[in-house]
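A short worksheet on the structure shown next.
There are 2 protein chains.
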Amino acid sequence: MTRTHRLFQLMQTLRSLPAPVTASALVNETGVSLRTIYRDIDALRGLGAVIDGEAGFGYTLIEDATLPPLAFADDELEALVLGLREVTVIGDPALAEAANSALAKLKARLPARQTHRLQHAVLDARRFGRPPEPGIDVRALRAATWDEATISFHYEDAKGAVSRRQVDPLSIVYMQNAHMLMAWCHLRSDFRAFRLDRMRDLGLTGAHFRPRRVPMLRDFMERLRAQAVERAKDRALQG
Amino acid sequence: MTRTHRLFQLMQTLRSLPAPVTASALVNETGVSLRTIYRDIDALRGLGAVIDGEAGFGYTLIEDATLPPLAFADDELEALVLGLREVTVIGDPALAEAANSALAKLKARLPARQTHRLQHAVLDARRFGRPPEPGIDVRALRAATWDEATISFHYEDAKGAVSRRQVDPLSIVYMQNAHMLMAWCHLRSDFRAFRLDRMRDLGLTGAHFRPRRVPMLRDFMERLRAQAVERAKDRALQG
DNA sequence: GGTGTTCCTGACAGAAACTGGCAGTACCCC
DNA sequence: GGGGTACTGCCAGTTTCTGTCAGGAACACC
């Protein structure tokens, strides 16, 4: 292994292992001496990486400057931050956590000039009130949707009547006041939208509809668009 | 310059110059011999870069395998996509454009496995209706806020009365039904929130309040938080 | 203060890698 | 064929790297 190879390997290790990473862990991984690891860390620093090293603690990769930075324009960055802030206020704690985590990863890959902009972004998202709490585990629903797995649940409609449904979940849509599951409903043999707060007892059926989610979703969206156009026409006739 | 340094430099050059890049151009850039450049290209290939080299033509970087791809977990990716989709429906066309552009840039830096997930994300954002149209150029407002430049505008309050304001803009906040400018108002010598749809005739005053935006915004947020706590206490006393 | 853990740096001799120059090969295009 | 360009092996001299050893510093904990 050439030294250059090893330096690349060290960067990978510092990126992927949880901090702090000790020099002796790097010795075990590379097979070189402790003194060489210290030299290598120095070389990586010379290449622009910002690596924090505290005696008795270990190394932390602060800035990965050996990489070309992500090149976002300022307004793209503001859009990213605002978007992730929107997700944190949307009312889904697991998604909020993912959004914060994504934001931290972006931060690690931005040039220093833009880190400030990310931390003190001009745009912010706020909500008063919350949409009603989902009656099911949304993370499980997301996974099932992505896996194109048919699900079952109990659904309470606007009048309070409860029915058992089997659906092919296509998309989860976030609107101002409700979070909706767009799906193909086996009971109605048609597309239906379900409010997440009215769903209970989510389960997997064991059946799959892969690989049809994307075209089905496209059909459903087409349907909704056509209905919106119809409704606009009806309004024009009456107006 | 160490060899490792030079290898990094060569990668930067291959990324940034239009293909094809000749070996002699690389000689000119690095000051080493042609023979050494051939060796370096070989070394970069050994590190995983896919570099096409045609006699009489030059080098083309096909795959930049020396870079780790952006490493987002699946739910982080869904959060990013949902967030950017939220921004596209928020009612600000310039921001929507920036969001789409940011999405394209993310896509270019994801591993192939995740590109599919980004294109056919499970989560989506929708709005019925729109918040009222801003009465000013929001892009100019964003720039002024970032620049910490005092602005002036006419403001129509809820009763229809119009006043001229000079403010230090601190943040633009997006809520369900209104977009607000959080600012320090010179007329009232106090923090105020202004609805963007009630603002007219945005202008720069030439004055700046840099570098005070971040601490002022912190104070304003603290104020709002304290007021919310007060309001909750009042409700508890009455309830 | 003492102990343990860990980062840090300089010096040295020997080992390893690198370099430029040279020679020869191959491919594409005019 | 000639020009432009990528490619590879060889060699002597140069440069860099390595492990060992020694010494120092910082932090946490008892």
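Here the protein sequences line up with chains B and E, keeping their order. Under my numbering, the residues of the first sequence are numbered 5 to 243, in order. Under my numbering, the residues of the second sequence are numbered 5 to 243, in order. Quick reminder that beta carbons are idealized off the backbone N, C-alpha and C, glycines included. All of these numbers come straight from a predicted model, not from anything done at the bench.
{"query": "Segment limits, alpha helix (DSSP H) that includes residue 29/B", "result": "27-34"}
{"query": "Residue interval of the alpha helix (DSSP H) (run including residue 108/E)", "result": "97-112"}
{"query": "CB contact below 8 Å: residue 65/B versus chain E", "result": "no"}
{"query": "Below-8 Å beta-carbon distance, residue 203/B vs any chain E residue", "result": "no"}
{"query": "Through-space distance from residue 140/B to residue 8/E, alpha-carbon basis", "result": "53 Å"}
{"query": "Among 149/E, 14/E, 105/E and 86/E, the one whose alpha carbon lies nearest that of residue 51/E", "result": "14/E"}
{"query": "Any C-beta of chain E under 8 Å from that of residue 178/B", "result": "yes"}
{"query": "Whole-angstrom distance between residue 12/B and residue 57/B, CA atom to CA atom", "result": "19 Å"}
{"query": "Three-state secondary structure (DSSP) of residue 202/B", "result": "helix"}
{"query": "Proximal residues of chain B, C-beta to C-beta of residue 218/E below 8 Å", "result": "124"}
{"query": "Top-ranked residue by Cα proximity to residue 199/B, from 137/B, 235/B and 231/B", "result": "137/B"}
{"query": "CB contact check: residue 206/E to chain B, cutoff 8 Å", "result": "no"}
{"query": "Within 8 Å of chain B by C-beta, residues of the region 144-167 of chain E in sequence order", "result": "146, 149 and 150"}
{"query": "Beta-carbon gap between residue 241/B and residue 175/B smaller than 8 Å", "result": "no"}
{"query": "Residue 38/E, buried or exposed, once every other Cβ within 10 Å from all chains shown has been counted against 16", "result": "exposed"}
{"query": "Pair within 8 Å by beta-carbon distance, residue 148/E and residue 208/E", "result": "yes"}
{"query": "Distance CB(residue 85/B)-CB(residue 30/B) smaller than 8 Å", "result": "no"}
{"query": "Buried versus exposed call for residue 120/B [16 or more other C-beta atoms within 10 Å across all chains shown]", "result": "exposed"}
{"query": "Delimiting residues of the alpha helix (DSSP H) encompassing residue 192/E", "result": "Run containing residue 192/E: none; DSSP gives neither H nor E here."}
{"query": "Environment of residue 55/B [buried if 16+ CB atoms lie within 10 Å]", "result": "buried"}
{"query": "For residue 171/B, the three-state DSSP class (helix, strand or coil)", "result": "strand"}
{"query": "Within chain B, the residues that residue 1/E reaches when beta carbons sit closer than 8 Å", "result": "Residue 1/E lies beyond the range of chain E shown here (5 to 243); nothing can be said about it."}
{"query": "Own chain partners of residue 156/E with C-beta closer than 6 Å, once the 5 adjacent residues on each side are dropped", "result": "170, 207 and 209"}
{"query": "Residues of the region 5-16 of chain E whose Cβ lies closer than 8 Å to any Cβ of chain B, in chain order", "result": "6, 7, 8, 9, 11, 12 and 16"}
{"query": "For residue 87/E, three-class secondary structure by DSSP", "result": "helix"}
{"query": "Helix, strand or coil at residue 66/E according to DSSP, with G and I counted as helix", "result": "strand"}
{"query": "Top-ranked residue by Cα proximity to residue 181/B, from 93/B, 218/B, 63/B and 103/B", "result": "93/B"}
{"query": "Contact set between the region 73-91 of chain B and chain E, restricted to residues whose Cβ is under 8 Å from the partner", "result": "74, 75, 76, 77, 78, 79, 80, 81, 82, 83, 84, 86, 87, 88, 89, 90 and 91"}
{"query": "From 33/B, 61/B and 68/B, residue whose alpha carbon lies closest to that of residue 49/B", "result": "68/B"}
{"query": "Within 9 Å of chain E by C-beta, residues of the region 124-142 of chain B in sequence order", "result": "124, 125, 126, 127, 128, 129, 130, 131, 132 and 133"}
{"query": "Buried versus exposed, by CB contacts within 10 Å (16 or more), residue 173/E", "result": "buried"}
{"query": "Min CB distance residue 99/E to chain B below 8 Å", "result": "yes"}
{"query": "Residue 51/B: contacting residues in chain E (beta-carbon distance under 8 Å)", "result": "8, 9 and 12"}
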